[in-house]
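Below is one structure, written out as structure tokens; comments come after it.
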Amino acid sequence: MQASFGADYEIEQRLERYALVRLTPSSATAARLRARVMRDTRLAIAEGHFRPAATIAALETARSARRRAAVRRVAGLGLAAVLSLVAVGGVLAAGRAGGPLYDARIWFESLTLPSDAAARASAEITRLEDRLDEVLAAAASGDSRAVMDALAAYQAIADEALLGAAGNAAALEQIQLALGRHLAVLDRIASTVPDHAADVIAANIARAIAHTNDAIERMQNRPSGSDGAPKPAVAPAHRTEDEPADKTAKPVTKTPKPAAVGSTPTPTSRPADAAPTPSRPAQGPPSTKPGKSPPAGDHGQP
Amino acid sequence: MTIDDAAVERLVAEARSGDEWAFGMIFDHYHEAVYRFIASRVHRPSDAEDLTQLVFVKALEALPRYESRGVPFGGWLFRLARNAVIDFVRTRHEHAELETVAERAHGDAGPDEIAVIRQELNAVGAALATLTDEQRETIALRFFAGLSAREAAEAMGKQEGTVRGLQFRAIGALRRHLGVEDEPVGAGREIRPHRVGATNDG
Numbered sequence: 007m008q009a010s011f012g013a014d015y016e017i018e019q020r021l022e023r024y025a026l027v028r029l030t031p032s033s034a035t036a037a038r039l040r041a042r043v044m045r046d047t048r049l050a051i052a053e054g055h056f057r058p059a060a061t062i063a064a065l066e067t068a069r070s071a072r073r074r075a076a077v078r079r080v081a082g083l084g085l086a087a088v089l090s091l092v093a094v095g096g097v098l099a100a101g102r103a104g105g106p107l108y109d110a111r112i113w114f115e116s117l118t119l120p121s122d123a124a125a126r127a128s129a130e131i132t133r134l135e136d137r138l139d140e141v142l143a144a145a146a147s148g149d150s151r152a153v154m155d156a157l158a159a160y161q162a163i164a165d166e167a168l169l170g171a172a173g174n175a176a177a178l179e180q181i182q183l184a185l186g187r188h189l190a191v192l193d194r195i196a197s198t199v200p201d202h203a204a205d206v207i208a209a210n211i212a213r214a215i216a217h218t219n220d221a222i223e224r225m226q227n228r229p230s231g232s233d234g235a236p237k238p239a240v241a242p243a244h245r246t247e248d249e250p251a252d253k254t255a256k257p258v259t260k261t262p263k264p265a266a267v268g269s270t271p272t273p274t275s276r277p278a279d280a281a282p283t284p285s286r287p288a289q290g291p292p293s294t295k296p297g298k299s300p301p302a303g304d305h306g307q308p
Numbered sequence: 186m187t188i189d190d191a192a193v194e195r196l197v198a199e200a201r202s203g204d205e206w207a208f209g210m211i212f213d214h215y216h217e218a219v220y221r222f223i224a225s226r227v228h229r230p231s232d233a234e235d236l237t238q239l240v241f242v243k244a245l246e247a248l249p250r251y252e253s254r255g256v257p258f259g260g261w262l263f264r265l266a267r268n269a270v271i272d273f274v275r276t277r278h279e280h281a282e283l284e285t286v287a288e289r290a291h292g293d294a295g296p297d298e299i300a301v302i303r304q305e306l307n308a309v310g311a312a313l314a315t316l317t318d319e320q321r322e323t324i325a326l327r328f329f330a331g332l333s334a335r336e337a338a339e340a341m342g343k344q345e346g347t348v349r350g351l352q353f354r355a356i357g358a359l360r361r362h363l364g365v366e367d368e369p370v371g372a373g374r375e376i377r378p379h380r381v382g383a384t385n386d387g
């Protein structure tokens with residue numbers, strides 16, 4: 007062991023001599039090196055490249071505060087976006103047929119109708135077709151409440167459309183033709199209602215068909231020389247969810263064919279002038295559900 | 186100059202607050218060791234000089250972020266030096282080899298004596314060249330730079346025991362290559378590397 011220490015000591019001495027002779031900087035090199043390093047040090051301090059530890063700590067604190075603020079800002083924006091999406095989604099869902107904001111949506115639509123009779127008639131027909139689409143979709147999914155809401159809105163819009171086109175024969179004819187087409191659609195919808203909701207939906211569709219028929223007939227039978235303003239025979243159908251469907255009155259088999267509309271007036275059991283005035287003003291408050299205001303039992307029954 | 190670790194830590198603290206004089210003292214304490222380590226890893230003296238300057242400039246810039254936490258300052262400084270050498274070798278596509286970098290004057294030695302010394306140094310250089318990179322780096326840090334085993338371990342990013350093992354094997358390899366006989370010299374004396382410009386070692 008001692009011999010090993012001796013050999014190691016000899017190696018250490020040789021390494022030290024090697025480092026001293028071949029690796030150690032000369033005094034001139036050391037002086038030059040020091041001058042260069044100290045010059046760089048002064049420059050770094052003067053030009054701000056070297057920041058004392060206290061400054062670094064202050065900068066780090068400020069930087070982390072800015073980072074935290076940015077994170078909070080981004081999180082806030084993200085939260086706001088999520089809430090907005092939820093709100094928009096909720097409003098859209100609530101504005102569908104059967105939703106709590108559906109009436110408000112329908113009322114809002116009526117506010118945007120044009121004043122020109124022809125343009126207004128076209129817009130009303132578009133609204134009627136939208137309601138038909140909603141009826142179709144709701145009936146396909148068996149959502150009886152949505153069907154009833156859409157049908158009530160349809161009837162109210164039909165009344166409004168006829169009222170608005172009273173002084174314009176072309177517009178009136180346009181609406182009558184559209185209503186005739188819609189009767190066929192309603193008839194088809196009634197035959198495709200799912201079984202579990204067939205009674206309620208079919209009854210409501212039947213009422214809507216009858217209502218539309220009445221409206222068409224009233225327009226065709228209006229007394230000549232009058233002011234031209236039709237009086238809607240019935241107000242929008244009221245909810246009859248609790249009532250049993252009147253199978254015998256189901257208009258699926260009684261509905262006049264659209265081709266007959268406007269050609270041969272069909273006498274009805276109820277005179278046109280006996281119809282009540284529309285209960286819903288053209289621009290009523292959104293809380294008024296179309297077809298709910300008129301007293302039940304005096305109209306809408308097929 | 187010789188200062189202890191506590192004094193080094195005080196100088197480091199003052200230099201961190203922007204004290205130029207304190208940083209100058211740190212340079213005086215470490216520059217020779219850093220230069221030796223770098224000179225043992227690169228070819229030309231000019232490269233060793235430039236890299237030494239670079240290491241101290243980097244140390245100045247990184248000093249405010251230095252936190253002792255039980256890590257010796259020497260280990261931290263030599264880690265910078267080691268990284269600088271690695272970057273230099275990588276960018277220059279050179280292999281770090283122990284070659285003659287410079288040779289100081291041999292005082293009043295005669296031509297025959299100078300020839301013997303040169304022969305011996307060449308033999309040491311050749312023996313060092315046979316070591317593995319890690320063994321050679323350990324020798325450079327421990328014997329040329331005079332770091333403690335702990336500081337060398339910090340600089341190399343290894344465990345202290347690993348560094349001691351590398352040193353043991355490197356010394357054995359050098360003995361074999363240099364043909365150093367096992368002679369009972371300095372019985373019981375522990376082999377410790379000479380510390381460059383410092384009083385403490387590992």
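If you're matching them up, the sequences are chains A and B in order. Positions 7 to 308 (this note's numbering) are the ones given, in order, by the first sequence. Positions 186 to 387 (this note's numbering) are the ones given, in order, by the second sequence. Glycine residues also receive a C-beta, built at the ideal position from the N, C-alpha and C atoms.
TODO: Pull up the CB-CB distance for R40/A and H362/B, whole angstroms please, since I reckon it's below 8 Å.
DONE: Rounded, the Cβ-Cβ distance is 37 Å, inconsistent with contact.
TODO: Please check if any C-beta of chain A sits within less than 8 Å of the C-beta of F328/B.
DONE: yes
TODO: Could you check the C-alpha separation between L351/B and A52/A for me, to the nearest Å?
DONE: 44 Å
Task: Beta carbon proximity, E18/A to chain B, threshold 8 Å - done: yes
Task: Exposure label - N268/B; buried when at least 16 CB within 10 Å - done: exposed
Task: Through-space distance from F258/B to T276/B, alpha-carbon basis - done: 27 Å
Task: Of the residues S225/B, A198/B, R360/B, the one placed nearest T323/B, counting alpha carbons only - done: S225/B
Task: Within-8 Å CB hit, E319/B to chain A - done: no
Task: Inter-residue spacing [alpha-carbon to alpha-carbon] between T315/B and W206/B - done: 42 Å
Open item on the list: Considering Cα atoms alone, identify which of D122/A, T47/A, E22/A, Q161/A is closest to K141/A.
Closed with: It is Val, not Lys, that sits at residue 141/A in the sequence shown. Selected option, being the one with the closest Cα: Q161/A.
TODO: Would you kindly check if the distance between the Cβ of G310/B and the Cβ of Y24/A is under 8 Å?
DONE: yes
Task: Cutoff 7 Å; reference V156/A; Cβ partners in own chain excluding five residues on either side - done: Inspection of the sequence shows that residue 156/A is occupied by Ala rather than by Val. Within the same chain, A156/A has close Cβ partners A103, R137, E140, V141, A144.
Open item on the list: Is there a Cβ of chain B sitting closer than 8 Å to that of V27/A, yes or no?
Closed with: yes
Task: DSSP-derived helix/strand/coil call for P249/B - done: helix
Open item on the list: Any beta carbon from chain B within less than 8 Å of A71/A's own beta carbon?
Closed with: no
Open item on the list: Let's test the definition: count the other Cβ atoms within 10 Å of the Cβ of D334/B and tell me whether it reaches 16, buried, or not, exposed.
Closed with: Before going on, a small fix: residue 334/B reads as Ala here, not Asp. The residue in question, A334/B, is buried, as its Cβ has 16 or more Cβ neighbours within 10 Å.
Task: Residue-chain proximity (F258/B, chain A), Cβ-Cβ < 8 Å - done: no
Open item on the list: Residues of chain B with CB closer than 7 Å to the CB of A34/A, please, in chain order.
Closed with: Chain B residues near A34/A: none, gap ~11 Å exceeds 7 Å.
Task: Coil, strand or helix - V94/A by DSSP - done: helix
Task: Interface partners of H216/B on chain A, CB under 8 Å - done: P31, A36, L39, R40, V43
TODO: With a threshold of 16 other CB atoms inside 10 Å of the CB of A152/A, please say whether the residue is buried or exposed.
DONE: buried
TODO: Classify G203/B as buried or exposed, calling it buried when 16 or more other Cβ atoms lie within 10 Å of its own Cβ.
DONE: buried
TODO: Run the CB neighbour count on P120/A, radius 10 Å, all protein chains shown included, and call it buried at 16 or more, exposed below.
DONE: exposed
Task: Contact list for A224/B against chain A, beta-carbon separation under 7 Å - done: L29
Open item on the list: Distance check for V77/A and G148/A, CA to CA, integer angstroms please.
Closed with: 47 Å
- [ ] State buried or exposed for G96/A, treating a residue as buried only when at least 16 other CB atoms are found within 10 Å of its CB.
- [x] exposed
- [ ] Would you please state the rounded distance, in angstroms, between the beta carbons of A325/B and F222/B? I believe it to be under 8 Å.
- [x] 5 Å
Task: Complete alpha helix (DSSP H) runs within the segment 201-250 of chain B (minimum length 4 residues, chain order) - done: 205-224, 230-247
- [ ] Please determine, among G105/A, N174/A, I131/A, A75/A, the residue with the shortest C-alpha to C-alpha distance to D122/A.
- [x] N174/A
- [ ] Rounded to whole angstroms, what's the CA-CA distance from I271/B to A244/B? Just pull it up for me.
- [x] 16 Å
- [ ] Confirm, please, whether the CB-CB distance from L192/A to I207/A is below 8 Å.
- [x] no
TODO: Please indicate yes or no: does the CB of E16/A lie closer than 7 Å to some heavy atom of the ligand SAH?
DONE: What this structure holds is no ligand at all, so the ligand SAH is not there to describe.
- [ ] For V365/B, name the three-state secondary structure that DSSP assigns.
- [x] coil
Task: Per-residue contacts from T237/B into chain A (C-beta, under 7 Å) - done: L39
TODO: Tell me where the alpha helix (DSSP H) around Q186/A begins and ends.
DONE: Gln is not the amino acid found at residue 186/A; the sequence shown has Gly there. It spans 175-196 - the alpha helix (DSSP H) in which G186/A sits, taken as one unbroken run.
Task: Neighbour list for G209/B in chain A, Cβ cutoff strictly below 9 Å - done: R40, V43, M44, T47
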